[in-house]
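Take a look at the structure below.
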Amino acid sequence: MSIKVGVLGARGRVGSTIVAGLEGVEGVELVAALDHGDDKNQLTESGAEVIVDFTVPDQVMGNLQFCIEHGIHCVVGTTGFDEERLAQVRAWCEDNPGVGVLIAPNFAISAVLAMAFARQAATYFESAEVVEYHHPNKLDAPSGTAVHTAQGIARARREAGMEPAPDATEKALDGSRGASVEGIPVHAVRMQGMNAHEEIIFGTQGQTLTIRQDSYDRTSFVPGVVVGIRTVAQRPGLTVGLDSYLGL
Ligand code: NAP
Numbered sequence: 001m002s003i004k005v006g007v008l009g010a011r012g013r014v015g016s017t018i019v020a021g022l023e024g025v026e027g028v029e030l031v032a033a034l035d036h037g038d039d040k041n042q043l044t045e046s047g048a049e050v051i052v053d054f055t056v057p058d059q060v061m062g063n064l065q066f067c068i069e070h071g072i073h074c075v076v077g078t079t080g081f082d083e084e085r086l087a088q089v090r091a092w093c094e095d096n097p098g099v100g101v102l103i104a105p106n107f108a109i110s111a112v113l114a115m116a117f118a119r120q121a122a123t124y125f126e127s128a129e130v131v132e133y134h135h136p137n138k139l140d141a142p143s144g145t146a147v148h149t150a151q152g153i154a155r156a157r158r159e160a161g162m163e164p165a166p167d168a169t170e171k172a173l174d175g176s177r178g179a180s181v182e183g184i185p186v187h188a189v190r191m192q193g194m195n196a197h198e199e200i201i202f203g204t205q206g207q208t209l210t211i212r213q214d215s216y217d218r219t220s221f222v223p224g225v226v227v228g229i230r231t232v233a234q235r236p237g238l239t240v241g242l243d244s245y246l247g248l
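If you use the UniProt record's numbering, the sequence shown corresponds to residues 1 to 248, in order.
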């Protein structure tokens, strides 16, 4: 039996990539592809069991309320979730036990694994810096993924009682040591020809370790979304981040 899936934001940049990417995926059947202005009742009429939402922060809460109240599991890539919104989603889930909701800030499995490996490596090296590379149309710097990576490393170092990384810099051009995220330098490169890439560099006596991930285009989100679709019904309540679905 295939899992019946509806995509919300189906004409958007990511949503349209997900619609195309689900074609031919074993055990998954796309039954509804909705965008702005479409009637959400199409989801219930088509028998959708799971929705994938890549819409806009303004709309996603209404979509989630509708789906959770109709017993439809949700796999969500749309951004803009603060603690208040997460608490609201948790409350809807409590009122509708059995419904699973996955909200993942990053569906690229390579990026999620890179962050997990970085947390694992963090306490074995005195020095740690993050370099992220993106296309030049990106509006924010550093990327959310790079900030999250640095926070994970910083937390692991703190918990292990580590000293700050050695750095004798006394004089520096503004920005030359990157942005400090909880003490971890994060460098942002904006480069024509690139898409989304990240390097985490660790160093200790006589050796370095570099963890690198590359997302070449939006198809990089498809395998993570498929993991979400296949797993969400077995994880009632709210899950934030793909990590636990990947066994991390
Ligand atoms: P986009 O191209 O603007 O796509 C959003 C689409 O959703 C548009 O087609 C929009 O239609 C439609 N939409 C708006 N309200 C809707 C509603 N109520 N129901 C159904 N569809 C609706 O944006 P995008 O680049 O695809 O990104 C979408 C979201 O995913 C953003 O929040 C982005 O930050 C996030 N994102 C997450 C990940 C991740 O891995 N988690 C990766 C990339 C992007 P109109 O244009 O007509 O309003």
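C-beta atoms are modelled at their ideal positions from N, C-alpha and C, and glycine is treated no differently.
Note that the structure is predicted; figures quoted are calculated from it, not measured.
Using a Cβ distance threshold of 8 Å, V181 and Q207 do not count as a contacting pair. Pairing G21 with G241, the inter-Cα distance amounts to about 21 Å. Around the beta carbon of R11, a 10 Å sphere encloses fewer than 16 other beta carbons of the protein chains shown; the residue is thus reported as exposed. Straight across, the Cα-Cα distance linking G193 with W92 is about 43 Å.
DSSP places F202 in no alpha helix (DSSP H) but in the uninterrupted beta strand (DSSP E) bounded by A196 to T204.
When DSSP states are grouped into helix, strand and coil, G152 belongs to the helix group.
In chain order, G98 and G100 place their CB closer than 6 Å to the CB of P236, counting only its own chain and leaving out the 5 sequence neighbours on each side. It is roughly 15 Å from the alpha-carbon of D82 to the alpha-carbon of L64. Spatial neighbours of R13 in its own chain (CB-CB distance under 7 Å, excluding positions within 5 residues in sequence) are listed in chain order as R218. The criterion of a C-beta distance shorter than 8 Å is not satisfied by D35 and G62.
A Cβ-Cβ separation of about 6 Å places I72 in contact with I51 under the 8 Å criterion. Under DSSP, D53 shares a beta bridge with L8 and V76. In its chain, beyond the 5 residues on either side, T123 have a beta carbon closer than 6 Å to the beta carbon of A160. Burial is judged here by how many other beta carbons sit within 10 angstroms of a residue's own beta carbon; N137 has fewer than 16 and is exposed. Secondary structure at G161: coil, using DSSP grouped into helix, strand and coil. The straight-line gap separating the alpha-carbon atoms of H197 and R230 is approximately 27 Å.
Counting the other Cβ atoms within 10 Å of the Cβ of S143 gives 16 or more, which makes it buried. The C-alpha of T149 is placed about 15 Å away from the C-alpha of D214. Secondary structure note for V89: its alpha helix (DSSP H) is the uninterrupted segment E83 to D95. In the three-state scheme derived from DSSP, where H, G and I count as helix and E and B as strand, A122 is classed as helix.
The continuous stretches of alpha helix (DSSP H) do not include A188, which lies in the beta strand (DSSP E) extending over residues I184 to R190. Rounded to the nearest whole angstrom, the C-alpha separation of A128 and D174 is 20 Å.
Rounded to the nearest angstrom, the gap between the Cα atoms of Q234 and G24 is 23 Å.
E26 sits in coil when the DSSP states are folded into three classes, being neither helix nor strand. Put simply, the backbone Cα of N41 is about 35 Å away from that of Y216. Inter-residue distance for V232 and M115 is about 22 Å (C-alpha atoms, whole angstroms).
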